[in-house]
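A.B. asks: Here's a structure for you.
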Amino acid sequence: YSGMVPDGRHFADRARDEARSWRDTFKTPIPVADLASRMGGYLQAYTLYSSVRPFGITAIVAGFDPSTPLPVDGEVGSGPAAGPGGVKPNQKHGGPGLYMIEPSGLYWGYYGAATGKGRQAAKAELEKLDLASDGISLEQAVKEAARIIYVAHDDNKDKEFELEMSWISDVDGPTKGRHEGVPKALLEEAERPAFSTLRANPAFSERKP
């Protein structure tokens, strides 16, 4: 997320509560679309009353829905048939999902999204990638993300920064459906050429990545 840190922490805590409630009720992990819908509704509620203020954040919610139901606490549920992430007969289910939620509660699905400082430069770089064709691997995506972050970095104001990245795959991929940090070796491999590009900028003082 980008914006006010306390609001972002509350948003993350609420998202965990929503995911936990879904698992307890339906015995299946919450679909990304349903989590985005619930959190969008939660943020929108804070715009309706004068006794509370709207959230001061723009949040990105992402995940990977399995194509087949996964067991939760020894049970296999299917979730509701209705709703943004509901399982519908004869319809493809599962796959990656990425949503950006505005302070108003509006949310939109994207193939790639950016928020916060430098978002315009990042969006311009994202538009150059063919993300809709599913022709980019996880490893390639990590390298492109590192490059884009360095391109979008405002080197005139924040010369020092530390890059942290996480990823998620399907159950057959490297993360086995779990949200994990990118392995250090791969992160360093991705950061090296990105840092070299930024270092070539005369306005950037030398430092080690």
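Sequential numbering of the sequence shown, starting at 1, is according to full-length UniProt numbering. Idealized CB from N, CA, C, for every residue including glycine. None of the values given here were measured: they were computed from a predicted structure.
Name, in chain order, the residues that DSSP records as bridge partners for M100.
C.D. replies: Here residue 100 refers to the residue found at position 100 of the sequence shown. Paired residue(s): I60 and W108.
A.B. asks: Can the beta-carbon of R119 be found closer than 9 Å to that of T197?
C.D. replies: Residue 119 sits at position 119 when you count from the first residue of the sequence shown. Residue 197 sits at position 197 when you count from the first residue of the sequence shown. Cβ distance not < 9 Å, so R119 and T197 don't count as in contact.
A.B. asks: In this structure, what does DSSP give as the bridge partners for D65?
C.D. replies: Along the sequence shown, one-based indexing puts residue 65 at 65. In DSSP, D65 forms a bridge with G95.
A.B. asks: Does DSSP classify E144 as helix, strand or coil?
C.D. replies: As a first step, residue 144 is located in the sequence shown; it is residue number 144 there, counting from the start. In the structure shown, E144 sits in a helix (DSSP, three-state: H, G or I).
A.B. asks: If you compare alpha carbons, which of L138, L186, E144 and F55 is closest to P6?
C.D. replies: Walking along the sequence shown from the start, residue 6 turns up at place 6. Among L138, L186, E144 and F55, the Cα nearest to that of P6 is on F55.
A.B. asks: Per the DSSP calculation, E162 is bridged to which residue(s)?
C.D. replies: On the sequence shown, residue 162 is found 162 positions in, with the first residue counted as 1. Answer is none; E162 lacks a bridge partner.
A.B. asks: Taking 9 Å as the threshold (C-beta atoms), are G8 and I57 in contact?
C.D. replies: Counting from one through the sequence shown, the residue named residue 57 turns up at place 57. Counting from one through the sequence shown, the residue named residue 8 turns up at place 8. Taking 9 Å as the Cβ cut-off, I57 and G8 qualify as a contacting pair.
A.B. asks: For Y99 versus A132, is the C-beta spacing smaller than 9 Å?
C.D. replies: Numbered from 1 along the sequence shown, position 99 holds the residue referred to as residue 99. Numbered from 1 along the sequence shown, position 132 holds the residue referred to as residue 132. Contact: no.
A.B. asks: From S37 to E189, what does the alpha carbon distance come to, in whole angstroms?
C.D. replies: Numbered from its first residue, the sequence shown carries residue 37 at position 37. Numbered from its first residue, the sequence shown carries residue 189 at position 189. Each residue's Cα considered, the two are about 36 Å apart.
A.B. asks: Determine whether the beta carbon atoms of I60 and T115 lie at a separation below 9 Å.
C.D. replies: Here residue 60 refers to the residue found at position 60 when the sequence shown is read from its first residue. Here residue 115 refers to the residue found at position 115 when the sequence shown is read from its first residue. In contact: I60 and T115 (Cβ atoms closer than 9 Å).
A.B. asks: In the DSSP assignment, what are the bridge partners of W167?
C.D. replies: To locate residue 167, count along the sequence shown from 1; it is residue 167. Answer by DSSP bridge pairing, in chain order: E180.
A.B. asks: Run through DSSP, which three-state label would N156 get?
C.D. replies: In the sequence shown, counting from the first residue as 1, residue 156 sits at position 156. Per-residue confidence for N156 stands at a pLDDT of 46, beneath the threshold of 50, marking its modelled position as unreliable; no derived number is given.
A.B. asks: Given L138, which residues of its chain have a CB within under 7 Å of its CB, disregarding the five upstream and five downstream residues?
C.D. replies: On the sequence shown, position 138 is the one that residue 138 refers to. For L138, where only same-chain residues beyond five positions count, the Cβ hits under 7 Å are W167, S169, G173 and P174.
A.B. asks: With T47 and G105 assumed to form a contact (beta carbons below 8 Å), what rounded beta-carbon distance in angstroms separates them?
C.D. replies: In the sequence shown, residue 47 corresponds to position 47, counting from 1. In the sequence shown, residue 105 corresponds to position 105, counting from 1. Right, their Cβ atoms sit about 7 Å apart.
A.B. asks: Quickly, what does DSSP pair G3 with across the bridge? List them, please.
C.D. replies: As a first step, residue 3 is located in the sequence shown; it is residue number 3 there, counting from the start. DSSP lists I57 as partners of G3.
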